[in-house]
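Following: one structure in structure tokens, then a few remarks.
Protein chains: 2
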Amino acid sequence: ADPEEPAAGRGAVDFPVAVVLPAGGSGERTGLSTPKQFCTFLTRPLISYTIQAFERVPWIERIVVVVAKESHSLMTDIVEKFNHAKVKIVHGGSTRHRSIFCGLQAFAETDESLLHKPKVVIIHDAVRPFVEEDFLHKITMAAKEQGASGAMRPLVSTVIATTSEGYLDHSLERAKYRASEMPQGFLYDIIYQAYQRCSESDFEFGTECLHLALHYCGTNAKLIEGPPTLWKVTYKRDLAAAEAVVKETLSQTACVMTEECAESLDLSHKLLKKLSAEDMLVDVIPNPKGVKGVSLTSNRNFIHISVNSSKLAQIAEMVMVLEETNHALLYPVVIVWVLLTVSEQSALSQRCEAASAIMDLARASEQKNILLYGVQINHSKVPEQWERSVTKLSQLAAALIRDRNPILTGQILQA
Amino acid sequence: ADPEEPAAGRGAVDFPVAVVLPAGGSGERTGLSTPKQFCTFLTRPLISYTIQAFERVPWIERIVVVVAKESHSLMTDIVEKFNHAKVKIVHGGSTRHRSIFCGLQAFAETDESLLHKPKVVIIHDAVRPFVEEDFLHKITMAAKEQGASGAMRPLVSTVIATTSEGYLDHSLERAKYRASEMPQGFLYDIIYQAYQRCSESDFEFGTECLHLALHYCGTNAKLIEGPPTLWKVTYKRDLAAAEAVVKETLSQTACVMTEECAESLDLSHKLLKKLSAEDMLVDVIPNPKGVKGVSLTSNRNFIHISVNSSKLAQIAEMVMVLEETNHALLYPVVIVWVLLTVSEQSALSQRCEAASAIMDLARASEQKNILLYGVQINHSKVPEQWERSVTKLSQLAAALIRDRNPILTGQILQA
Ligand SMILES: [Mg+2]
Ligand SMILES: [Mg+2]
């Protein structure tokens, strides 16, 4: 479930594989001033998600990212900030095909470069962030065996030919055609040769690497149906969709940490039940004697129940451990701190005390991509009231975890 | 900006126009158990957004929604709940083409039906909610003049033909082809005749109404390039994208209501400045002597500043007016109630008083699709602290308005 977990192994790839990621597009279709590959969601630019999709695959050695010269320093910052160790940045040409050729040349210039020539090279788009290891494996194996391979998808619309006056001429039989998508894989020698042979017109107007391999090297690519997650982030709405996909993945699990008093244990088990009913996978860890004993880094979402406000010290310790392990480098981590008050009388003063403490800690944590929220819940002696409060707490925790809104950090909500 | 405002007029359509909206699909591609046209965001099913896109167009008389028999009562409930006065529900067939034919027949059965035959009929998809009046006008006029018309878009992917073994055969020259999209328009007599003449195979496997008009009536449709907003909600991620589009549209304006005391006026003008800098269109209304004098229904987002908590009565009045005018029927309305406290001493007691009052009102309002949130801000005498609080308030208000999260209603946040 964690986006950083590599997919289960399926037979090693025992030959060198590299990636070329053209990222020179201007992204005018998003309706945004920033090229879409550099648009940010959850504090990270889109291209970093795409890079990460390759970087987590152990058998991929190198990722050559091809950018326009004016994006060089921006791209360097991204690579440094998010620790993309497999990336080499090269400068692109004026069209997509010229940029891909620049990327391929990075492996050919063996005198100047430390990049050794891969057996198979995967070409992908910077704006298709959700490619999975499984599918990359298929593309890679097919490329090795057939010389070229590519993702395809069923057509979503009927394809029509128009007359020069803008009238329907004919429509294509949908079943006979497919949409060609990315990634595509090639034996390096074949695609590099194809680009060396291709014409100025191909460089200028061509759209399809598979066509170049066919036309200049006689290689008929093997086509493999890809999943819908291969879709291309094109419009502003696609950024919202990509963000929603990442948020859903990040929100599938939570770790509830509780003290061993009766009210806190009761609350944690009720939370477990309610959140599980919403398809969240929840672990309850009782009596965390300091957080160091707990494997924090297997989780992205924590619900920490304190029976009085002084326990914010434990949250501060958690934040420190998460920082030290760099756990929030790629995705924000959520901590929902639950202040369980057991008497109406003390509830107000405890809340006040908590309010000033949490705001400062939350501000500092947010800088480290750790999002800290507070929820107060009063342990009512009236069972129906207690049940209502627990339901509300569970809804609030689920919403805070799902939305990951940095603006709301440091707030204490009321369950 | 308001999604309910009809686009500016562009010459009346002086002939009857109706719509057929096939909505019988099972939506297996969303990965959801509910057919996608019935999936809900912002408390309303997708199909209601699509219906509304037609209903707000004054020259469209009738909308025939074609559903599977098992969805009849669900669809009836939607039509009643959201007051879709132009809709007639009919039962569909087993394929898309059969369903469209059922929809067209509703106008032909003049003995049994009150629907008179339209000159032009527009066929659309229930899952393309963002069609604009402008474009419908173009489609309608072209259909009247040419007999048939349809939306087209540039191809987003290269279209390829595959060999029977799954290899690339050839790729199409992208510039020569287009994707056929919806809506499409027809002279009613032409498309009805085409459906009467077409074969079982057309009904079973056909995908393209334009093709039927061409093949059976010799009518070459006029093709008109449509905007990217015509896209089809297909996958779960598209629902998130559609929700984001609607939320963005709803969040473009806000009305700030303020008392005439110096602190409140100062705050409202600072808010105006900060929210305007984020491209929100903000009106400030000073001294609202009761809300009845203010045209509430021209707004979807209110920021109401109270200098002490007793003024929740004005919020209750606003909620009542909004309810009476049915203003939140189609889209949720947001009220951010700002509790401005002018001394640290009284801040806490006022907040407590407010906290219990707002929770009850918020719970009742939410039933009416009116989302009420509280934010407390303390008027610090230290200018830098005041500035920081105002910035925080502005961020919180913008986030509450944009996110429209019903789970957070009734909370009092801290600016
Ligand atoms: Mg290498
Ligand atoms: Mg009529």
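Sequence lines, in order, name chains B and C. Going by our numbering, the residue at position 184 of the first sequence is 1469; the numbering climbs one at a time, nothing skipped. Going by our numbering, the residue at position 101 of the second sequence is 1386; the numbering climbs one at a time, nothing skipped. We put the beta carbon where it would ideally sit given N, CA and C, even for glycine. This one's a predicted model, so the numbers in the text were calculated from it and none came from an experiment.
Would Thr-1361 of chain C be called buried (16 or more neighbouring beta carbons within 10 Å of its own) or exposed?
-> Sixteen is the threshold: since fewer than 16 other Cβ atoms of the shown chains lie within 10 Å of the Cβ of Thr-1361 of chain C, the residue is exposed.
Verify the CB distance criterion: does Gly-1491 of chain C have a CB-CB separation below 7 angstroms to chain B?
-> Not an interface residue.
Starting from Pro-1668 of chain B and walking both ways along the alpha helix (DSSP H), at which residues does that stretch end?
-> Per DSSP, Pro-1668 of chain B is one residue of the alpha helix (DSSP H) stretching across 1668-1688.
Among B:Val-1364, B:Ala-1393, B:Pro-1414 and B:Val-1351, which one has its Cα closest to the Cα of Ser-1379 of chain B?
-> For the residues B:Val-1364, B:Ala-1393, B:Pro-1414 and B:Val-1351, the minimum Cα distance to Ser-1379 of chain B belongs to B:Val-1351.
Delimiting residues of the beta strand (DSSP E) encompassing Lys-1373 of chain C | Annotation for Lys-1373 of chain C: the continuous beta strand (DSSP E) segment containing it runs 1372-1376.
State buried or exposed for Gln-1652 of chain C, treating a residue as buried only when at least 16 other CB atoms are found within 10 Å of its CB.
-> Residue burial is scored here from C-beta neighbours: Gln-1652 of chain C has fewer than 16 other C-beta atoms within 10 angstroms and is therefore classed as exposed.
Please state whether DSSP places Glu-1290 of chain B in a helix, a strand or coil.
-> Note that Glu-1290 of chain B scores a pLDDT of 44, beneath 50, so its modelled location is shaky and nothing firm can be said.
Residues in its own chain within less than 7 angstroms of Phe-1392 of chain B by CB, not counting five upstream and five downstream?
-> Once the five neighbours on either side are set aside, the close Cβ partners of Phe-1392 of chain B are Ala-1303, Leu-1400, Lys-1402, Pro-1403 and Tyr-1473.
Please work out which residues of its chain come closer than 7 angstroms, Cβ to Cβ, to Trp-1671 of chain C, disregarding the five sequence neighbours upstream and downstream, and give them in chain order.
-> Counting only residues of its own chain and dropping the five nearest sequence neighbours on each side, Trp-1671 of chain C has a CB closer than 7 angstroms to the CB of His-1664 and Ser-1665.
For Ala-1388 of chain C, collect the residues of the same chain with a Cβ closer than 7 angstroms to its Cβ; drop the 5 residues on either side in sequence, then sort them by chain order.
-> Reading off the sequence, residue 1388 of chain C comes out as Gly, not Ala. Same-chain partners within the cutoff: Val-1305, Pro-1307, Val-1349, Val-1351 and Val-1375.
Whole angstroms is fine: what's the gap from Ala-1647 of chain B's alpha carbon to Val-1518 of chain C's?
-> The C-alpha of Val-1518 of chain C is placed about 38 angstroms away from the C-alpha of Ala-1647 of chain B.
Compare the C-alpha of Gly-1503 of chain C against each of C:Ala-1529, C:Arg-1482 and C:Leu-1685 and name the closest.
-> Proximity to Gly-1503 of chain C across C:Ala-1529, C:Arg-1482 and C:Leu-1685 peaks at C:Arg-1482, based on C-alpha coordinates.
Hey, Asn-1572 of chain C and Glu-1545 of chain C are a contact pair by Cβ (cut 8 angstroms); roughly how many whole angstroms apart?
-> So it is a contact: roughly 5 angstroms between Cβ atoms.
Name the two residues that bound the continuous beta strand (DSSP E) containing Phe-1471 of chain C.
-> Looking at the DSSP string, the run of the beta strand (DSSP E) that includes Phe-1471 of chain C is 1462-1472.
Which value, in whole angstroms, describes the spacing of the CA atoms of Met-1467 of chain B and Ile-1385 of chain B?
-> Inter-residue distance for Met-1467 of chain B and Ile-1385 of chain B is about 13 angstroms (C-alpha atoms, whole angstroms).
Are Thr-1492 of chain C and Thr-1443 of chain B closer than 7 angstroms when you measure CB to CB?
-> Yes; because the gap between Cβ atoms is below 7 angstroms, this pair is in contact.
Skipping 5 residues on each side, what residues in its chain have a beta carbon closer than 8 angstroms to that of Ala-1498 of chain B?
-> Once the five neighbours on either side are set aside, the close Cβ partners of Ala-1498 of chain B are Gly-1432, Ala-1433, Phe-1471, Ile-1475, Ile-1476, Ala-1479, Thr-1504 and Ala-1506.
Could you give the residue range of the alpha helix (DSSP H) that holds Gln-1661 of chain C?
-> Gln-1661 of chain C -> not in any alpha helix (DSSP H); beta strand (DSSP E) instead, spanning 1655-1663.
Could you name the residues of the same chain whose beta carbon sits closer than 8 angstroms to that of Leu-1331 of chain B, not counting the 5 residues immediately before and after it, in chain order?
-> Lys-1321, Gln-1322, Phe-1323, Cys-1324, Thr-1325, Ala-1411, Val-1412, Pro-1414, Val-1518, Leu-1524 and Ala-1527.
Cβ-based neighbour list, Val-1569 of chain C, same chain, cut-off 6 angstroms, excluding 5 preceding and 5 following = Excluding positions up to five away in sequence, the list reads Val-1541, Ser-1553 and Leu-1557.
Listed by chain order, chain B residues near Met-1437 of chain C by CB distance under 8 angstroms = For Met-1437 of chain C, the chain B residues whose Cβ falls inside 8 angstroms of its Cβ are Ile-1445 and Thr-1447, in order along the chain.
When the cut-off is 7 angstroms and only beta carbons count, does Ser-1561 of chain B lie next to chain C?
-> Cβ-Cβ to chain C under 7 angstroms: no for Ser-1561 of chain B.
Would you give the residue range spanned by the alpha helix (DSSP H) that Asp-1551 of chain C belongs to?
-> Note, Asp-1551 of chain C: alpha helix (DSSP H), 1547-1562.
Mind checking whether Ala-1642 of chain C and Leu-1678 of chain C have CB atoms under 7 angstroms apart?
-> Going by C-beta atoms, Ala-1642 of chain C is not nearer than 7 angstroms to Leu-1678 of chain C.
Output the residue ranges of the alpha helix (DSSP H) runs that lie fully inside the stretch 1406-1486 of chain B and measure 4 residues or longer, sorted by chain position.
-> 1418-1431 and 1473-1482, all fully within the stretch 1406-1486 of chain B.
Coil, strand or helix - Ala-1701 of chain B by DSSP = Not covered by the structure: residue 1701 of chain B. The range shown for chain B is 1286 to 1700.
Taking just the CA atoms, how far does Tyr-1616 of chain B sit from Lys-1354 of chain B?
-> Spanning the two alpha carbons is a distance of roughly 28 angstroms.
Step through the CB atoms of chain B and report whether any lies within less than 7 angstroms of the CB of Pro-1513 of chain C.
-> At a cut-off of 7 angstroms between beta-carbon atoms, Pro-1513 of chain C makes contact with chain B.
Check whether the Cβ of Lys-1507 of chain B lies closer than 7 angstroms to any Cβ atom in chain C.
-> It does: the Cβ of Lys-1507 of chain B has a partner Cβ on chain C nearer than 7 angstroms.
From Lys-1423 of chain B to Lys-1371 of chain C, what distance separates their C-alpha atoms?
-> Each residue's alpha carbon lies about 51 angstroms from the other.
Kindly say whether Ser-1634 of chain B, judged by its beta-carbon, lies nearer than 7 angstroms to any beta-carbon of chain C.
-> So no, Ser-1634 of chain B is outside the interface.
Under 9 angstroms by beta carbon: chain B residues contacting Leu-1495 of chain C | Near Leu-1495 of chain C (Cβ distances below 9 angstroms), the residues of chain B are Thr-1443, Ile-1445, Leu-1453 and Ser-1456.
Which residues in chain B sit within 8 angstroms of Asn-1690 of chain C, going by Cβ to Cβ distance?
-> The contacting residues are Ala-1684 and Asp-1688.
Under the three-state DSSP convention, the category Cys-1324 of chain C falls into = Here DSSP, grouped into helix, strand and coil, assigns Cys-1324 of chain C to coil.
Taking the C-alpha atoms as reference points, what is the distance between Phe-1488 of chain C and Cys-1494 of chain C?
-> Rounded to the nearest whole angstrom, the CA to CA distance from Phe-1488 of chain C to Cys-1494 of chain C is 10 angstroms.
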